[in-house]
Amino acid sequence: RQLGDFKRARPVRQAAQEFGTAVVKRVHDWSKVNFDGGFATDLLWKRSDGREIGRVVDRSDMERIVDLVEATSDENTKTIQVRGMLVGGDVASKTFHFVIPDGQDFRGQISSEYDAVTELTLGRTYDAKIRIKTTLVYATEKETSTNELISLSEVRP
């Protein structure tokens with residue numbers, strides 16, 4: 331894969347899947363340093379068969395690579411069902427805090443899908459449906475997660 335292939339998000343994602351996000355981050359960092367320094371770079375690789383390949387990567391290519399990698403991320407969304415206790419909530423700011431018995435807790439926003447007439451009682455055990463959205467930004471290799479409460483069903487003894 332050549333650096334010039336990074337013209338759209340798809341090759342960036344493919345490179346991340348094939349070579350790992352660390353490689354994409356290093357290409358981003360290398361391109362950013364050279365672009366910020368005002369450099370074009372003449373790349374030359376010697377293959378094991380003795381053949382040489384390469385090309386000049388000019389500043390505009392590096393700028394495009396930097397911008398594209400910074401704008402590309404992967405999002406993964408999953409919905410889970412868990413049983414636990416509602417320990418915090420704020421109807422005005424539409425936030426919640428839910429804890430399951432093994433100590434794992436979820437904080438986040440109450441979804442617009444949530445039934446607004448359902449009563450929320452702190453300290454009560456519920457079956458909760460929670461959407462977890464994880465975003466990985468290639469340029470920083472940082473992963474962030476957000477939680478969204480979709481529904482609660484009271485557990486009757």
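Once you know that position 13 of the sequence shown is 343 in this note's numbering, the rest is easy, because the numbers rise by one and skip nothing.
In this text, a Cβ means the ideal position worked out from N, Cα and C, and glycines have one as well.
Since this is a predicted model, take the numbers as computed values, not measurements.
Rounded separation between residue i and residue j - CA only
i, j, result
"Val-467", "Ala-422", "31 angstroms"
"Thr-465", "Ala-458", "22 angstroms"
"Asp-359", "Arg-343", "16 angstroms"
"Gly-438", "Val-429", "12 angstroms"
"Ala-339", "Ala-370", "23 angstroms"
"Ser-378", "Gly-384", "14 angstroms"
"Phe-426", "Glu-400", "31 angstroms"
"Met-392", "Ser-442", "41 angstroms"
"Arg-394", "Ser-483", "49 angstroms"
"Ala-345", "Leu-398", "13 angstroms"
"Gly-414", "Thr-451", "13 angstroms"
Residues near residue i in its chain [Cβ-Cβ closer than 6 angstroms; skip 5 each side]
i, result
"Val-412", "Ile-430 and Ala-458"
"Ser-481", "Lys-459"
"Arg-461", "Thr-409, Glu-478 and Ile-480"
"Lys-463", "Thr-407 and Thr-476"
"Ile-440", "Lys-424, Phe-426 and Leu-479"
"Asp-372", "Val-386"
"Gly-418", "His-427"
Residue i in three-state terms, based on DSSP
i, result
"Arg-461", "strand"
"Lys-424", "coil"
"Glu-471", "coil"
"Val-447", "coil"
"Val-485", "coil"
"Arg-381", "coil"
7 angstroms CB neighbourhood of residue i in its chain, flanking five on each side removed
i, result
"Val-396", "His-358, Ser-361, Lys-362 and Phe-365"
"Thr-448", "Leu-482"
Continuous alpha helix (DSSP H) stretch holding residue i: start and end
i, result
"Leu-398", "389-401"
"Thr-351", "351-366"
Close-in-space but distant-in-sequence residues of the same chain around residue i (CB under 8 angstroms, 5 per side omitted)
i, result
"Asp-388", "Ala-370"
"Ser-403", "Thr-465, Leu-466, Val-467 and Tyr-468"
"Leu-374", "Glu-382, Ile-383 and Gly-384"
Limits of the unbroken beta strand (DSSP E) element including residue i
i, result
"Phe-436", "435-440"
"Asp-372", "371-376"
Anticipated Cβ contact below 8 angstroms, residue i with residue j, distance rounded
i, j, result
"Tyr-456", "Val-485", "6 angstroms"
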